[in-house]
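Undergrad:
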Amino acid sequence: AQSVTQLGSHVSVSEGALVLLRCNYSSSVPPYLFWYVQYPNQGLQLLLKYTSAATLVKGINGFEAEFKKSETSFHLTKPSAHMRDAAEYFCAVSFSGGYNKLIFGAGTRLAVHP
Amino acid sequence: DTGVSQDPRHKITKRGQNVTFRCDPISEHNRLYWYRQTLGQGPEFLTYFQNEAQLEKSRLLSDRFSAERPKGSFSTLEIQRTEQGDSAMYLCASSLGGGQGDSYEQYFGPGTRLTVT
Chain G
10 AQSVTQLGSH
20 VSVSEGALVL
30 LRCNYSSSVP
40 PYLFWYVQYP
50 NQGLQLLLKY
60 TSAATLVKGI
70 NGFEAEFKKS
80 ETSFHLTKPS
90 AHMRDAAEYF
100 CAVSFSGGYN
110 KLIFGAGTRL
120 AVHP
Chain B
54 DTGVSQDPRH
64 KITKRGQNVT
74 FRCDPISEHN
84 RLYWYRQTLG
94 QGPEFLTYFQ
104 NEAQLEKSRL
114 LSDRFSAERP
124 KGSFSTLEIQ
134 RTEQGDSAMY
144 LCASSLGGGQ
154 GDSYEQYFGP
164 GTRLTVT
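Keeping their order, the protein sequence lines are chains G and B. For this note's numbering, add 9 to where a residue sits in the first sequence, where the first one is 1. For this note's numbering, add 53 to where a residue sits in the second sequence, where the first one is 1.
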């Protein structure tokens with residue numbers, strides 16, 4: 010069975026500081042991995058995805074993530090936080106043969122302080 | 054490409070009433086998904102359509118829930134005899150799948166927030 014664990018339901022950083030949001034997955038088959046962002050009262054927007062190509066994936070808004078199979082991790086990073094990055098971030102996994110339905114983690118709320 | 058749209062955006066209903074939500078996917082997308090998101094949680098998969106065929110239903114989808122996608126275009130999600138536990142955000146997503154055209158990406162609508170009083 011596939012599952013996702015996001016460590017830290019709340020993360021707080023200062024503007025300009027490094028952002029690190031942690032995601033570990035469990036999958037019995039090669040996974041596809043995603044990070045989505047959700048702003049208040051809105052749907053989810055895709056930040057980036059890993060689908061078995063390059064392990065370091067660059068996304069929108071300066072975010073990137075690295076797929077580490079040995080650690081079953083797909084952590085999201087951004088070198089310098091902006092106030093507009095404050096939102097809820099979700100890591101998700103899917104797999105071929107499962108109709109690509111997404112299995113989400115519980116989410117991490119990112120706060121950015123001036 | 055106008056994106057995925059959902060209607061209504063908000064619905065308040067009394068316990069025991071029936072409600073129906075609509076989702077209009079991106080026009081060329083053959084795959085359509087429904088998810089439910091409760092406060093403080095990530096979205097949970099409810100059901101999946103490929104064109105007009107409903108191919109998978111989650112155990113979360115009790116007998117009070119039914120979904121359709123006539124002609125493989127828009128989809129509706131109906132909840133009968135609503136309960137307070139049905140209060141949640143209902144999200145619809147679509148994607149282009151199958152063969153070499155599979156992008157794996159799902160595009161989400163803004164959601165319908167249901168409050169059952």
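Positions of the beta carbon are idealized from the N, C-alpha and C atoms, including for glycine.
1) Using the Cβ count rule (16 or more neighbours within 10 Å means buried), how would you classify LYS110/G?
2) Using the beta-carbon of each residue, which ones in chain B are nearer than 7 Å to THR60/G?
3) Between the beta-carbon of VAL169/B and the beta-carbon of GLN133/B, is there less than 8 Å?
4) Taking Cβ to Cβ, would you say GLY56/B is nearer than 8 Å to TYR143/B?
5) In chain order, what residues of the region 41 to 54 of chain G put their CB closer than 9 Å to some CB of chain B?
6) Strictly below 7 Å CB to CB, what residues from chain B border TYR3/G?
7) Assign HIS84/G to buried or exposed, taking buried as 16 or more other Cβ atoms, counted over all protein chains shown, within 10 Å of its Cβ.
8) Rounded to whole angstroms, what is the Cα-Cα separation between ARG68/B and LEU92/B?
9) Let me check one thing: in DSSP terms, what residues is GLU97/G bridge-paired to?
10) On the criterion of 16 or more Cβ atoms from any shown chain inside 10 Å, does TYR41/G qualify as buried, or is it exposed?
11) Taking a cut of 8 Å between CB atoms, which residues from the region 94 to 123 of chain B lie near chain G?
12) Can you name the residues of chain G whose CB is closer than 8 Å to the CB of LEU144/B?
13) Mind checking who ILE112/G pairs with in its DSSP beta bridge?
14) Taking the continuous beta strand (DSSP E) assigned at MET142/B, which residues delimit it?
15) Considering only residues of the region 96 to 144 of chain B, which uninterrupted beta strand (DSSP E) runs meet the minimum length of 3 residues and lie entirely inside it, listed in chain order?
16) Roughly how many angstroms separate the alpha carbons of ILE69/G and LYS58/G, rounded to a whole number?
17) Does the distance from the C-beta atom of VAL46/G to that of MET92/G stay below 8 Å?
18) Can you name the residues of chain G whose CB is closer than 8 Å to the CB of PHE161/B?
19) Can you find a C-beta in chain B that's less than 8 Å from the C-beta of GLY114/G?
TA: The short version:
1) buried
2) TYR157
3) no
4) no
5) TYR41, PHE43, TYR45, GLN47, ASN50, GLN51, GLY52, LEU53 and GLN54
6) Residue 3/G lies beyond the residue range present for chain G, which begins at 10 and ends at 123; the question has no answer from this structure.
7) buried
8) 19 Å
9) GLN47/G and ARG118/G
10) buried
11) GLN94, GLY95, PRO96, GLU97, PHE98, TYR101, GLN103, LEU108 and GLU109
12) GLY52 and LEU53
13) VAL102/G
14) 141 to 148
15) 97 to 103, 106 to 110, 118 to 121 and 128 to 132
16) 11 Å
17) no
18) TYR45, GLY52, LEU53 and GLN54
19) yes
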